[in-house]
Structure formats: structure tokens, C-alpha cells
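Protein chains in written order, with our numbering: chain A, -3 to 477; chain B, 51 to 169. All residues carry an ideal CB built from backbone N, CA and C; glycine is no exception. As the structure is a prediction and not an experimental result, all values here were calculated from the model. Encoded as C-alpha cells, the structure appears first; notes follow it.
Below you can see the structure in the form of C-alpha cells.
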């Protein structure tokens, strides 16, 4: 581990291919700014009276800056793709880190499923197709993304950058046009507490969802040209998302009544139509399609590699580590696509996409609380020098722990359909996911690891020749837990 | 702690295993990379040149500008190249550090998995 490294002088390496700040920012903002973010803005607007959603988005953005600091410190300590497992494992425990990791990764499936549904619905709306055809579109889009992944094709950094910056810029420009459009009105732009204090808290909690997944850029830490590239991305990307989401919320509240946008699967198309008619609708339709490039492709890529690594580690069935000729873990990709299609079908049948927003916001807030706890715990347990140190870590991380735990509870007990009611549904969904993850880690994983160890021991002897005065090679341990 | 002679022996075996595995050659046919390895315990460094999936050269010292840099202890490298160690476990524990793209990290592990599926 980093801490156990010998004092051999570190060597300076320059990699040919590496991630610079613009690409890291695009990766961070691109993963976060999906089609579901448009619905996220509507959710915030539902809890914030009038046109005051921008205040909740601003407050959420300020809180996210604290998250940026927290993840910058943690990423600096463990700059690997497996960082989340490492710092939670070190701070809380290895089994907990895996259970949390599984729960956290489930948000990928939820976001992909929700986005698949929303994009399918947008296509159905624009092309005036019957609803069952939208359902077919879901499978087609997921199939295209899965097929691209299976062929080893992935979006290069420059394409990711182009798509992300195009989506953010297009959304912002159309929103500005909407803000200055004649005929609209801003009603109560400062009445965040108009629906009551708890509604304001819920609005802020849901605004966190707009930034959700921006911290996943930490998994590219090993690709970064320099460690500070990731830190920069963690601070710049939320600012870009904040700008686009704020403009979109203002444009939406200016031209589209909340009664019309709430409950719609494509508020961005409604804003496009209200702003520029058919041209505006097609404009936002194109933006919606572009978001699929980031979400599906990126989601399958990141999550399938996590599954692969976990299977190789002996913590998931080994079949998930099977590779095709393009070196892609095909079963992991196919399973993710299937799970996403299944969840999307459930969403399609029940129209409960707002529930996914609540679930996603809750899990993200909970992860931010866990991250805050990790900063506090590792300041005691791990005394290594940090490339990035959170200023006033003890009070700020404690504040983050309390704040994000509270926001997780606020969004977890919110009724996604009615701002004035409480609901157990979001927290119940998360409890089921967490329970399944924990049960798996507690009861199934040890058996798999024992089988893997037995198989490894029986299959072949060690190949490395034994030498005098040489330590015996490490036995194939199933896991260090 | 393994010396260069041991590492060389392990690398030679690894090279034969990789280059004679048809499935691996097919899988890595579009993979041309220059890899640098760093032994964190004794400071030994070496280079591996992979051309379209074939290991064409390994040598002591660092040559050229690398695409990937792998850092761990010399014993770990030996066990890994002999196929006695699943590198994922060490990687997840942070004991093997890789600088390179996510795809390259994946490819590195895929090589050992294809050659030694039971490792």
C-alpha cells in the first residue's frame, strides 16, 4: 500500500495518454448531467415555491463544494479506481465497504434505467409514436450501448468532452433565450420557504441529485496527468452543472407552469417548445439524445469494470469475469443492460421515475455522509501526507456528516409525487438494495471465496521455482477480509 | 525481495506464456503499449514493449515514454509473472499501483486471467 512503500526515491513518469483538466471536467460533468437532471430540476421546483428553485440549486451547489473537498482529500489518499473500497474499507471495514460499494453501484443501474425510459419517452413524444414503441426504443438504445461496449468501443476523451460541453452549452443557451422570452413571468423568485421549512430542505436535498455522480471522476485518478487534475475537476464540474441547471430552472419557471412540467417525462422538450416552438423542441430533443451517449456508455463501462474486478477478487461469481475477444467482461455488460432494461420496464409500467430521483438523491447524500465520516476516521487512522487537505476538516467533515445524513433522510422520506406528503417508498427501496447487498456480503460471498480458494489450491501447483533464502510466494488468498 | 535475475526468469516465462496463447494474441491484437515497471522495495526498474499483443522485448531500465507504469514490490512482480498471484486482489488493496488509462489497467489484468484462468 502507499503507506507501506519503501523509501526508494519516486520516479517521475510522463504518460503519452493521460487525462487533462478539460477531459476530467467533462467526465465529471458528463456523468452527472444526464436526461434525468431535467426531471431533477422539476423535482426541486416542486418543493420550492414559484421560481425560487434556483436558490435551492445554489445552496445544493455550495454543499457540493464541501463534497468536492471531502472527495479530493480521500482521492488524494487513494488515487485508484478502487478508491471507494479502499477508503471505506480502511475507515469502517472491508465488508462494509463492499456492501456500500454494491449499493452505491446500484445507482448506476437506476440512473441508466431512468434515463433509458426518459429518452424513450422523449423519442415517442417527438416522433408521435405509440407508447409501446417507446418501450421498444428503450431496448434498442440499451442494446446499442451494450453492443458498443461489447465491441470494446468507447467514447474517447475528446468525444466525451465534445458531447458534454455541447449538452451543457446548448441547455444554457436555450434557457437564456427562454428567460428573455416575451410572455413569461417569474413568480416569487425568492420564496424558497413558501411551502414551509421542510419543503425547502427537501428542495435542497433534491438539488443534490443534479450533481449526483460528479464524484465518480475519482475512478479515473490513475489516468490523470497530475493528481490535482481530479481535484480541479471536482470543483469545476459542479460549477458548470450549477450554471446549466440554474439557467434551466429559471427558463422553465419563466415559461412552463409547474403544473405542466411536474409529472412530465420530458420537461426539457416542453421548455424547448415554449421557447422556440418546433425548433426548440428538436433542439432539446437532440440534447436529450446526446445525454444518452454519456450515461449509457459511461455507466456500462464503469459499472462492468467494477463487477469484473469484484469477480476477479472472488467476491462475485467468476463467470462475471469472463472476457470476450475484445477483452470486455461481456457477462457483466449484458447483465447490466438486462438489469437496466428490467428496471426501465418496471418504471415504464409504473411511471415511477420520480421515485428513482428520490432514491438516487438519498443514496448520493448518504455516500457524501459516509465520505465525511471517512475523512474524520482517516485523519485519526492514516497519518500520511495528503496531496489535498480539507481546510478545517474536523468541523467541516462533522458538519458534512450531519448535513448529508439529514438530507439523505429528508429525500428518503419524501413523497416523490406530492411535496406535502411523506413517504416510506424511497427509503424502503434503498433498504431492500442495502439488505440484499449486505446479505450477499455476509452469507454468499464467504462461500464463493472458499470455493475459489479450494479451486485455486486444487487446480495447479505454484509455478514459481522455490529459491533458497527467498520468501515463499504468496498463497492465493480468496480475500483479505 | 527478488533480484533482477529472478525477475528476468519470471518475465521470460511470462513472455512465452503470453506469446504462445492464441486467444490472448487475438484479444490483444490492437494493443500496442510501452510499459514501465518499478519495484518499490529495491528500486529495480524494467521495460516491456508490447506490439499488437506480442511481447517483443523486455529489458532492465526504463526506455522511451511509457503508456503504463506499474509499481509494486519485486516479489509481487515475480509471483504475478509466474501466474501464482491474482493481481486484482493486490490492486484493490492498493499494493499494486498502475498509472495508465482505465482500459489499459483492465487489459493488464485480462492478460493474467486469460493465461492463468484459475489464478
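Bridge pairing for residue 118 (chain B): B:85 [DSSP]. If you check each beta-carbon in the stretch 124 to 143 of chain B against every beta-carbon of chain A, the ones closer than 7 Å belong to 125, 128, 129, 132, 133, 134, 135, 136, 138, 139, 141, 142, 143.
Rounded to the nearest angstrom, the Cβ distance from residue 365 (chain A) to residue 401 (chain A) is 4 Å, consistent with a contact under 8 Å. DSSP places residue 32 (chain A) inside the alpha helix (DSSP H), whose first and last residues are 32 to 43. The C-beta separation of residue 234 (chain A) from residue 34 (chain A) comes to about 17 Å, leaving the pair out of contact by the 8 Å criterion. Linking residue 349 (chain A) to residue 200 (chain A) through their CA atoms gives a straight-line distance of about 19 Å.
For residue 163 (chain A), same chain residues with a beta-carbon under 7 Å away, outside a window of 5 residues either side, are 29, 283, 286, 287 in chain order. Taking every protein chain shown into account, the CB of residue 83 (chain B) has 16 or more other CB atoms within 10 angstroms, so this residue is buried.
Taken in chain order, the stretch 167 to 194 of chain A contains no complete beta strand (DSSP E) segment of 3 residues or longer. DSSP, reduced to helix, strand and coil, places residue 105 (chain B) within a strand of the structure shown. Just so you know, the alpha carbons of residue 173 (chain A) and residue 81 (chain B) end up roughly 47 Å apart. Residue-level contact check: residue 74 (chain A) touches chain B, since one or more beta carbons of chain B fall below 8 Å from its beta carbon.
DSSP places residue 318 (chain A) in the coil class of the three-state scheme, outside both helix and strand. One finds 323 in chain A with Cβ atoms closer than 9 Å to the Cβ of residue 157 (chain B), taken in chain order.
Contact between the stretch 135 to 151 of chain B and the stretch 105 to 120 of chain B is present, with at least three C-beta pairs closer than 8 Å. A straight-line Cα-Cα distance of about 34 Å links residue 138 (chain A) and residue 250 (chain A). Taking C-beta atoms as the reference points, residue 338 (chain A) and residue 369 (chain A) fail to come closer than 8 Å.
Contact between residue 66 (chain A) and residue 393 (chain A) holds, since their C-beta atoms are separated by about 7 Å, short of 8 Å. Here the stretch 124 to 132 of chain A does not lie against the stretch 202 to 211 of chain A, with fewer than 3 beta-carbon pairs under 8 Å apart.
At a cut-off of 8 Å between C-beta atoms, residue 319 (chain A) counts as an interface residue with respect to chain B. The beta-bridge partner set that DSSP reports for residue 98 (chain B) consists of B:85, B:108. The CB of residue 82 (chain A) comes closer than 7 Å to the CB of 144 in chain B, given here in chain order. In this structure, DSSP gives residue 458 (chain A) a state outside helix and strand, which the three-state scheme calls coil. Listed by position along chain A, the residues whose Cβ is nearer than 8 Å to that of residue 100 (chain B) form an empty set, because the closest Cβ is around 13 Å away. Between residue 160 (chain A) and residue 293 (chain A), the C-beta gap is not smaller than 8 Å, which leaves the two residues out of contact.
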